[in-house]
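What follows is a single structure, written as structure tokens, with notes after it.
Chains as they are written, first to last, in the working numbering: chain A, -12 to 153; chain B, 185 to 284.
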């Protein structure tokens, strides 16, 4: 075990506990704030993996923009507070399905990767390397994503516009 | 140096929690939040394999997934707000107009 691993385990524990609170919190605003903790700890995990640019994009886009969108959504929909209002009646089945998926994934990971066999030696991941890769080799998917964002922008405006204001 | 399975276990835990949230929550905004948890799990895997294999492709696609997630949240919240405006509720089990 190295210092990197201890730091990663700490971040992973914080992120997992906060994620559990996201899906169990009784108050929707608390759920959104716990989501911030989870997203920030995932960003910290990216930093530990030396994926520096992805980490800052994670903080900027997720913590900065998406959580704000969620808070606006909660504010505009006046969600009720309390377990019965936020959870449906099939909580037990959901727990079973989630645990089955977790067990399956852990079995597959154990099966495919030996504990000491595959190690991550962080190297590249700065903005320069990632940017060069995006704008040379992956420029076509990049254009597709920008087109998708334009479509999403127009779609969101069309969906949320009130017709009686025209 | 970080062992790869450690990172994959974290991502598996986040994914399973996200699945639970999608299945158990009935508030539309909370379901969208759980979907974000699952997308984050996918991104962790992409970055981890990118670093383990020494290729930048995984990180580039993690960035694309973040962009697609942003678009998805924008459209999803627009739909949720539209449903709230029309039905006065965002409980997804009461929105059954398209169910036969």
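Where a beta carbon is used, it is the ideal one built from N, C-alpha and C, also for glycine.
Collapsed DSSP secondary structure at residue i in the structure displayed
i, result
"residue 78/A", "helix"
"residue 107/A", "strand"
"residue 186/B", "strand"
"residue 280/B", "coil"
"residue 14/A", "coil"
"residue 209/B", "strand"
Cβ pair residue i, residue j closer than 9 Å
i, j, result
"residue 261/B", "residue 216/B", "yes"
"residue 221/B", "residue 115/A", "no"
"residue 225/B", "residue 196/B", "yes"
"residue 53/A", "residue 26/A", "yes"
"residue 3/A", "residue 185/B", "no"
"residue 193/B", "residue 96/A", "yes"
"residue 230/B", "residue 243/B", "yes"
"residue 209/B", "residue 56/A", "no"
"residue 212/B", "residue 64/A", "yes"
"residue 265/B", "residue 60/A", "yes"
"residue 15/A", "residue 198/B", "no"
"residue 278/B", "residue 269/B", "no"
"residue -5/A", "residue 190/B", "yes"
Below-9 Å beta-carbon distance, residue i vs any chain B residue
i, result
"residue 27/A", "no"
"residue 108/A", "yes"
"residue 158/A", "Beyond the ends of chain A as shown, which are -12 and 153, falls residue 158/A; an answer cannot be given."
"residue 31/A", "no"
"residue 15/A", "yes"
"residue 146/A", "yes"
"residue 127/A", "no"
"residue 136/A", "yes"
"residue 63/A", "yes"
"residue 130/A", "no"
"residue -3/A", "no"
"residue 117/A", "yes"
"residue 44/A", "yes"
"residue 50/A", "no"
Amino acids of chain C, ordered along the chain, whose beta-carbon sits closer than 9 Å to that of residue i
i, result
"residue 22/A", "No chain C is part of this structure, whose protein chains are labelled A and B."
Below-9 Å beta-carbon distance, residue i vs any chain A residue
i, result
"residue 270/B", "no"
"residue 244/B", "yes"
"residue 282/B", "no"
"residue 257/B", "yes"
"residue 231/B", "yes"
"residue 226/B", "no"
"residue 279/B", "no"
Residue i, enclosing alpha helix (DSSP H) - first and last residue
i, result
"residue 243/B", "241 to 271"
"residue 238/B", "No alpha helix (DSSP H) holds residue 238/B; DSSP gives it neither H nor E."
"residue -12/A", "That residue, residue -12/A, is in no alpha helix (DSSP H); it is neither H nor E in DSSP."
"residue 43/A", "39 to 44"
"residue 55/A", "54 to 64"
"residue 141/A", "126 to 147"
"residue 118/A", "114 to 123"
beta-carbon residue i near the ligand SAM non-hydrogen atom, thresh 8 Å
i, result
"residue 217/B", "Ligands are entirely absent from the displayed structure, and the ligand SAM is therefore not among its contents."
Segment contact flag, the segment 44 to 51 of chain A with the segment 247 to 260 of chain B, C-beta cutoff 8 Å, min 3 pairs: yes
Inter-stretch contact (C-beta, 8 Å, three-pair minimum) for the segment 14 to 29 of chain A and the segment 121 to 139 of chain A: no
Inter-stretch contact at 8 Å, needing at least 3 Cβ pairs: the segment 203 to 215 of chain B / the segment 84 to 93 of chain A: yes
Segment contact, 8 Å Cβ cut-off, at least three pairs: the segment 227 to 236 of chain B with the segment 116 to 131 of chain A: no
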